[in-house]
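*Asks:* Letter by letter, the sequence shown follows residues 24 to 207 in my numbering.
Please see the structure below; I have some questions.
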Amino acid sequence: MADKDTPLLIKRYASRRLYNTETSDYVTLEDISQFIRDGRDVQIIDLKSGDDLTRQYLLQIIAENESRGQNVLPTNVLNDLVRSYTTQASSIVPEFLAASFEMLRDGQSKVLENMTKANPMAQMPGMEAMRVQQEAFMKAMTGGLGGLGGARPSEKRGADSDRDLEEIKAQLAALQQQLSRMGK
24 MADKDTPLLI
34 KRYASRRLYN
44 TETSDYVTLE
54 DISQFIRDGR
64 DVQIIDLKSG
74 DDLTRQYLLQ
84 IIAENESRGQ
94 NVLPTNVLND
104 LVRSYTTQAS
114 SIVPEFLAAS
124 FEMLRDGQSK
134 VLENMTKANP
144 MAQMPGMEAM
154 RVQQEAFMKA
164 MTGGLGGLGG
174 ARPSEKRGAD
184 SDRDLEEIKA
194 QLAALQQQLS
204 RMGK
């Protein structure tokens, strides 16, 4: 049985074929994308040179999803990412993105909890579809609960999480008000 805590090792052969070392078979980019969606980290290594190609393939998966119309990254975010490669801001961008995804992951359970049937707003027409869509979005953005950004020290987590949670609650309340106005 595979250990989900260790990255799945994929070897790229000279023919550019990708080989799953756990199952001893060839895989496609779509297979690798599915492993990641299922919560498994991957590491892709060039067999001949030993170079780590993981980032290159992950970016390729993102580019292919975006080109198929599965747009997760708004154009202004893509523009900012390109700019960050040409400015001194590039040193803070990775930390900022990791912190942003961590905040998203930390707030995921609270957002989903607020959209459950225990919430009176859940009885409004269309809320169940919105909840399902929100769950799919959160799963797509975070790959489940693991893998993004690592853990923060516990002393920072308390105050930051409380502040983030309050912000999420305020946003959800505003969304609920908008929905109630639309329902009338």
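All residues carry an ideal CB built from backbone N, CA and C; glycine is no exception.
Taking G130 as the reference, which of Y42, R204, D187 and L104 has the closest Cα?
*Replies:* Of Y42, R204, D187 and L104, the residue nearest in Cα terms is D187.
*Asks:* Of all the options L104, Y36, E125 and L127, which has the alpha carbon lying nearest to the alpha carbon of V116?
*Replies:* Taking only the C-alpha atoms, the option nearest V116 is L104.
*Asks:* If we count the other Cβ atoms within 10 Å of its Cβ and call it buried at 16 or more, is E125 buried or exposed?
*Replies:* Buried is the call here.
*Asks:* For the 8 Å Cβ check, are there 3 or more pairs between the stretch 63-73 and the stretch 86-104?
*Replies:* Contact fails: fewer than three Cβ-Cβ distances are below 8 Å.
*Asks:* Could you give the first and the last residue of the continuous alpha helix (DSSP H) run that contains D103?
*Replies:* That run of the alpha helix (DSSP H) goes T98 to S107.
*Asks:* Would V65 pass as a contact of L31 if the rule is Cβ separation under 7 Å?
*Replies:* It is a contact, given that the beta carbons lie within the stated cut-off.
*Asks:* Could you tell me which residues DSSP pairs with D75 in its beta bridges?
*Replies:* Answer is I68, bridged to D75.
*Asks:* As an exercise, report each continuous alpha helix (DSSP H) stretch of at least 4 residues that is fully enclosed by the stretch 24-66, in chain order.
*Replies:* If we require 4 residues or more, the alpha helix (DSSP H) runs fully inside the stretch 24-66 come out as 52-60.
*Asks:* Put N94 into one of helix, strand or coil per three-state DSSP.
*Replies:* Three-state result, N94: coil.
*Asks:* Rounded to whole angstroms, what's the CA-CA distance from S90 to V50? Just pull it up for me.
*Replies:* Near 21 Å, if we compare the C-alpha coordinates of V50 and S90.
*Asks:* Looking at K27 and R60, is the spacing between their C-beta atoms short of 7 Å?
*Replies:* No.
*Asks:* For S177, which residues of its own chain have a beta-carbon under 8 Å away from its beta-carbon, when the five flanking residues on both sides are left out?
*Replies:* Note that S177 scores 41 on pLDDT, short of 50, meaning its location in the model is unreliable; the coordinates nonetheless yield the value given after this. Closer than 8 Å at the Cβ level, and outside the excluded window around S177, lies no residue.
*Asks:* Excluding five sequence neighbours on each side, which residues of the same chain lie with their C-beta closer than 6 Å to the C-beta of S56?
*Replies:* Counting only Cβ-Cβ distances below 6 Å, and skipping sequence neighbours, we find I84.
*Asks:* What does the alpha-carbon distance come out to for the pair L41 and R35?
*Replies:* If I take the Cα positions, the gap works out to 5 Å.
*Asks:* Using the rule of at least 16 other Cβ atoms within 10 Å of the residue's Cβ for burial, across every protein chain shown, is R106 buried or exposed?
*Replies:* Per the 10 Å Cβ criterion, exposed.
*Asks:* Go ahead and pull the three-state DSSP assignment for I115.
*Replies:* In the structure shown, I115 sits in coil (DSSP, three-state: anything other than H, G, I, E or B).
*Asks:* Going by C-alpha to C-alpha distance, which of I33, E53 and F58 sits closest to S47?
*Replies:* Here the closest residue by C-alpha is I33.
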